[in-house]
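Colleague: Encoded as structure tokens, here's the structure I'll be asking about.
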Amino acid sequence: MRRTLIIILSVFSLNVLAQKVKTIEGEYTYHVPENISLQEARNIALYRAQIQALADEFGTLISQSNITQVDNSNGASNTSFLSLGSSDVKGEWIETIGTPEYQVNYDQDMLVITCRVKGKAREILSASIEYHAKILKNGVEDRFESHDFLNGDVLYLSFQSPVKGFLAVYLVDAEEHAYCILPYRNQQTGVYPILANQRYLFFDMNNASETDRVFLDEYYMTCSGKAEQNQIYVIFSPNQFVKAMDVGVNDSLPRELKYEDFQKWLVKCRLHDKDMQLTKQIITIKP
């Protein structure tokens, strides 16, 4: 009887979770500056279309702080006012359905891209974990944060979380291969454990712990032809999870899987773990 009850409660829990996921659509028109490439413009238009869809469905959180500063100098008093405002959407994008639609036009010699996207999303009911994930180029301090790389530049990642948890990092290249760059290629844990309030620096042998040096991989960005864009997915959760099933094609590359399989794994993880956080950053690599 007890075993039957547990099964029923588990099914009910999954059904409640599934009810929170909605199918939404959004559209955004982006007027492209001259210094932005077509591919980068498409990515920006897609991201803003997703944000627009989330805002339309779940709304936004708007906050404003007013600061009054009084300055006394030479017997004179000066008062200044500063108003700080911010807004955040109250939902998160889970999965894109189908292929986003793009319309490319020109308006007074300016490139204009309109993106329409459809996907699954859910409302954010509590504050997310505010961790720091910074992509670094040719330097191990956070001041070396960059998203623009040249052929041969070294890639590092710094990470810090206020709570302990588990971390996985993937790189998706222009040909839609998904590479697992953390945990390291030869690690057997399936995920990288994170301690609270500790700064981690990945892919650097000089600053690695004795334990990590056995497994550590170093990454040099390569680009043989025209500039390309890669996407880096930083996935963190206070709850334990295991990376997607992948294979090692050769010793010079990280373990990989098809982009479609990676997305299926990621969607499944996020549907079953409301605490899982995802940061997606785009880097450009030029020859």
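Count along the sequence shown starting at 1, add 2, and that's the number in this note's numbering.
Glycine residues also receive a C-beta, built at the ideal position from the N, C-alpha and C atoms.
In this text the structure is predicted, and so the values were computed from the model without any measurement.
What does the Cβ neighbour count give for R201, buried or exposed, with the cut at 16 atoms within 10 Å?
Modeller: As a first step, residue 201 is located in the sequence shown; it is residue number 199 there, counting from the start. Under this definition R201 is an exposed residue.
Colleague: Within 10 angstroms of its Cβ, does I99 collect 16 or more other Cβ (buried), or is it exposed?
Modeller: Taking the first residue of the sequence shown as 1, we reach residue 99 at position 97. With fewer than 16 other Cβ atoms within 10 Å, it is exposed.
Colleague: Determine the DSSP secondary structure at D175, reduced to helix, strand or coil.
Modeller: Within the sequence shown, the letter at position 173 stands for residue 175. Reduced to three states, the DSSP call for D175 is coil.
Colleague: If you follow the alpha helix (DSSP H) that D214 is part of, which residue opens it and which one closes it?
Modeller: One-based indexing of the sequence shown puts residue 214 at position 212. Residues E212 to R215.
Colleague: Any idea what DSSP makes of N45, helix, strand or coil?
Modeller: As a position in the sequence shown, residue 45 is number 43, starting the count at 1. If DSSP states are grouped into helix, strand and coil, N45 belongs with the helices.
Colleague: Just to confirm, are T286 and V236 a CB contact at a threshold of 7 Å?
Modeller: By one-based count along the sequence shown, residue 286 stands at place 284. By one-based count along the sequence shown, residue 236 stands at place 234. For T286 and V236, no; Cβs fall outside 7 Å.
Colleague: What residue does the beta strand (DSSP E) around Q283 start on, and which one ends it?
Modeller: What you label residue 283 is simply residue 281 of the sequence shown in a count that begins at 1. Run containing Q283: Q279 to K288, per the beta strand (DSSP E) assignment.
Colleague: For the stretch 231 to 246 against the stretch 164 to 176, do three or more pairs of beta-carbon atoms, one drawn from each stretch, fall closer than 8 Å, so that the two count as touching?
Modeller: Segments in contact, yes.
Colleague: With DSSP as the reference, label R201 as helix, strand or coil.
Modeller: One-based indexing of the sequence shown puts residue 201 at position 199. Three-state DSSP puts R201 in coil, outside helix and strand.
Colleague: Relative to the C-alpha of R187, which residue among A246, L268 and S226 is closest?
Modeller: Counting from one through the sequence shown, the residue named residue 187 turns up at place 185. Of the candidates A246, L268 and S226, the one whose C-alpha sits nearest the C-alpha of R187 is A246.
Colleague: If I'm right that V142 touches D206 with Cβ under 8 Å, what's the distance once you round it to whole angstroms?
Modeller: Mapped onto the sequence shown, residue 142 falls at position 140. Mapped onto the sequence shown, residue 206 falls at position 204. Rounded, the Cβ-Cβ distance is 5 Å, consistent with contact.
Colleague: Using beta-carbon positions only, say whether Y181 and E258 come within less than 7 Å of one another.
Modeller: As a working note, residue 181 is residue 179 in the sequence shown. As a working note, residue 258 is residue 256 in the sequence shown. In this structure, E258 lies closer than 7 Å to Y181 by Cβ.
Colleague: Check whether the Cβ of A51 lies closer than 7 Å to any Cβ atom in chain D.
Modeller: Among the chains in the structure shown there is no chain D, since it carries only a single protein chain.
Colleague: Per DSSP, what kind of secondary structure is L184 in: helix, strand or coil?
Modeller: Translated into positions along the sequence shown, residue 184 becomes position 182. Of the three classes helix, strand and coil, the one that applies to L184 here is strand, per DSSP.
Colleague: Since F60 and V91 should fall inside the 8 Å C-beta cutoff, what is the C-beta to C-beta distance between them, to a whole number of angstroms?
Modeller: Position 58 of the sequence shown, counted from the first residue, corresponds to residue 60. Position 89 of the sequence shown, counted from the first residue, corresponds to residue 91. Right, the Cβ-Cβ distance comes to about 6 Å (below 8 Å), so this counts as a contact.
Colleague: Using a Cβ-Cβ cut-off of 6 Å (strictly less than) and excluding sequence neighbours within five positions of G250, which residues of its own chain qualify?
Modeller: Along the sequence shown, read from residue 1 onward, the residue named residue 250 stands at position 248. Same-chain partners within the cutoff: R257.
Colleague: Determine the contact status of N232 and D175, defining contact as a CB-CB distance below 7 Å.
Modeller: On the sequence shown, position 230 is the one that residue 232 refers to. On the sequence shown, position 173 is the one that residue 175 refers to. Closer than 7 Å, so yes.
Colleague: Please name the residue in P164, H149, L127 and R44 whose C-alpha comes closest to that of Y133.
Modeller: As a working note, residue 133 is residue 131 in the sequence shown. It is P164.
Colleague: Which value, in whole angstroms, describes the spacing of the CA atoms of T31 and N153?
Modeller: As a first step, residue 31 is located in the sequence shown; it is residue number 29 there, counting from the start. As a first step, residue 153 is located in the sequence shown; it is residue number 151 there, counting from the start. Their Cα atoms are separated by approximately 32 Å.
Colleague: Thinking just about the alpha-carbon of each residue, which of P35, L56, E97 and E36 is nearest to the one in W267?
Modeller: Mapped onto the sequence shown, residue 267 falls at position 265. The option with the nearest alpha carbon to W267 is E97.
Colleague: Taking the continuous beta strand (DSSP E) assigned at K144, which residues delimit it?
Modeller: One-based indexing of the sequence shown puts residue 144 at position 142. Per the sequence shown, residue 144 should be read as Asp rather than Lys. No beta strand (DSSP E) contains D144, which DSSP labels as neither H nor E.
Colleague: Given a threshold of 16 other Cβ atoms within 10 Å of its Cβ, counted over all protein chains shown, does A198 qualify as buried or as exposed?
Modeller: Walking along the sequence shown from the start, residue 198 turns up at place 196. Classification of A198: exposed, given that the 10 Å Cβ count is below 16.
Colleague: Count the other C-beta atoms from every protein chain shown that fall within 10 angstroms of the C-beta of G227, then say buried if there are 16 or more, exposed otherwise.
Modeller: Counting from 1 along the sequence shown, the entry for residue 227 is found at position 225. Flag for G227 reads exposed.
Colleague: Determine the closest residue to F243 out of I115, E262, L203 and V269, with distance taken between C-alpha atoms.
Modeller: For the purposes of this step, residue 243 is taken as residue 241 along the sequence shown, with counting starting at 1. Among I115, E262, L203 and V269, the Cα nearest to that of F243 is on V269.
Colleague: For Q189 and A210, what's the separation of their Cα atoms in angstroms?
Modeller: Position 187 of the sequence shown, counting from 1, holds the residue named residue 189. Position 208 of the sequence shown, counting from 1, holds the residue named residue 210. Computed Cα separation, rounded: 14 Å.
Colleague: I'd like the ranges of any beta strand (DSSP E) spanning at least 3 consecutive residues and lying wholly in the stretch 92 to 138.
Modeller: If we require 3 residues or more, the beta strand (DSSP E) runs fully inside the stretch 92 to 138 come out as 93 to 98, 103 to 109 and 112 to 125.
Colleague: Do you know offhand how far Y104's Cα is from F217's?
Modeller: Mapped onto the sequence shown, residue 104 falls at position 102. Mapped onto the sequence shown, residue 217 falls at position 215. So the alpha carbons of these two residues sit roughly 42 Å apart.
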